[in-house]
Structures are given as structure tokens and as C-alpha cells.
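S.K.: Oh and the sequence shown: position 94 is 107 in our numbering, straight run, nothing missing. Beta carbons are placed, not taken as given, at the ideal position from N, Cα and C, and that holds for glycine. The structure presented is a predicted model; accordingly, all values stated were derived computationally and were not measured. The structure follows.
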Amino acid sequence: SRWAARARKLWRCIKDIELRVRLGYVLVLYHDWMGRLPAATTTMEALRELADRRDVSPFSRIATRFVEGHHGFMCADDSLGAEAVADGLAVAERSGVHVLDPSLIADGIYLSLGHGDLPRADGYFARMAGIVTHIGRPGDHAHFHALAGWRALLAGDTARASRSRRSPRVRR
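Written as C-alpha cells, this is what we have:
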């Protein structure tokens, strides 16, 4: 698209590293969702190098790892995605920046369920349940329940999948 070509050209010449990282992860997401996985991969590789610089904020590094986890799911690359999720959560723990924890954990759930690894998904679900119960953001609750419905379907529990779809909150 013209937008992506213009954004990529702009991305190469932006001096502000934080802005450059943010535009980079928008480009990766755009290419992933448009099905342009080779372009997303090329952009992700360059973005990873940017995000690993010492002058990048913890938030931008964490957000890049979230996007990398998402990209791993879109490419069915479990090792890439799982490593990105683990690294993003580790950066969040060290820096105290936890705003993207539910999104990173959701990446872990997507990767796990996408590979049929229900026990690994359950570990992520336990962690996400604790977070969404205490944070209370409606979007995180909805995301949790949508993923729980998928997990229930994979386990063959259609009744639970249906209940999860209608659950407004994580039960304590």
C-alpha cells in the first residue's frame, strides 16, 4: 500500500528513536494483518535491533516484544514468539512497567493454544487471571474470556466455551 511505503521511507529517516520504534511496530502489525509476512519479518528484524539499543525506553522495548510475540503467532514460529513474550515480561519486571503485561501474556496464550499446548496455556491463563482480576480493565477481561473460550473448545468442552463467551468478569 502507499501508506506502508511512505511510512517505511519515513521510518528510515526519523531521528527520534522512540518515535522510530513506535512506527516500526505499527508497520510490523500492519504487514502481519495484511498477510505480508515476509515484509513483517524484515521489519521486525530491523525493529528488534532498534529496540535493543540502550537509549530506548523500557515501554518501547516491552511493546516491541509484544509485537514480536504477535508476529511469532502470525508466522507460526512458537520459539520466536515465546522468547519475545518471556523477554518482554522480564523487561517489565526489571523496569516496573507492567501496562502491557496482559497483552504479552495473551501472546503467550495465543502461541500455546495455536500449538495445542494446553498445559503451557494454563500457566499463562493463571497469570493473566490474577492480573485482570486486580487491574479491572474491561478490554483485558473480554480478551481473557475470549481466549478461555478457545481453550475450552480445544479441550472439547463446548459448554464451558459458551459460558466463557458470556462471562463479563474474571471470577475471584
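#1: What are the start and end residues of the alpha helix (DSSP H) that includes D153?
#2: Please classify D153 as buried or exposed, where buried requires at least 16 other C-beta atoms within 10 Å of its C-beta.
#3: So, do the region 130–138 and the region 104–113 have three or more beta carbon pairs nearer to each other than 8 Å?
#4: I'd like the ranges of any alpha helix (DSSP H) spanning at least 4 consecutive residues and lying wholly in the region 84–128.
#5: From the DSSP output, in three-state form, read off V183 for me.
#6: Taking the continuous alpha helix (DSSP H) assigned at R15, which residues delimit it?
#7: Using only the alpha-carbon positions, how far apart do A161 and R140 sit?
M.R.: On the basis of the coordinates in this document:
#1: Taking the sequence shown and counting its residues from 1, the one referred to as residue 153 is at position 140. From DSSP, the alpha helix (DSSP H) with D153 extends over P151 to L167.
#2: Reading the sequence shown from its first residue, position 140 is the one you call residue 153. Buried.
#3: Taking 8 Å as the limit for Cβ pairs, the verdict is that the region 104–113 does not touch the region 130–138.
#4: Counting only runs of 4 or more, we get 91–108 and 114–127.
#5: In the sequence shown, residue 183 corresponds to position 170, counting from 1. Only weak support is given to the placement of V183: the predicted model assigns it a pLDDT of 49, under 50, and the question is left unresolved by the model.
#6: For the purposes of this step, residue 15 is taken as residue 2 along the sequence shown, with counting starting at 1. That run of the alpha helix (DSSP H) goes R15 to C26.
#7: Within the sequence shown, numbered from 1, the residue matching residue 161 stands at position 148. Within the sequence shown, numbered from 1, the residue matching residue 140 stands at position 127. Going by the C-alpha atoms only, they are around 13 Å apart.
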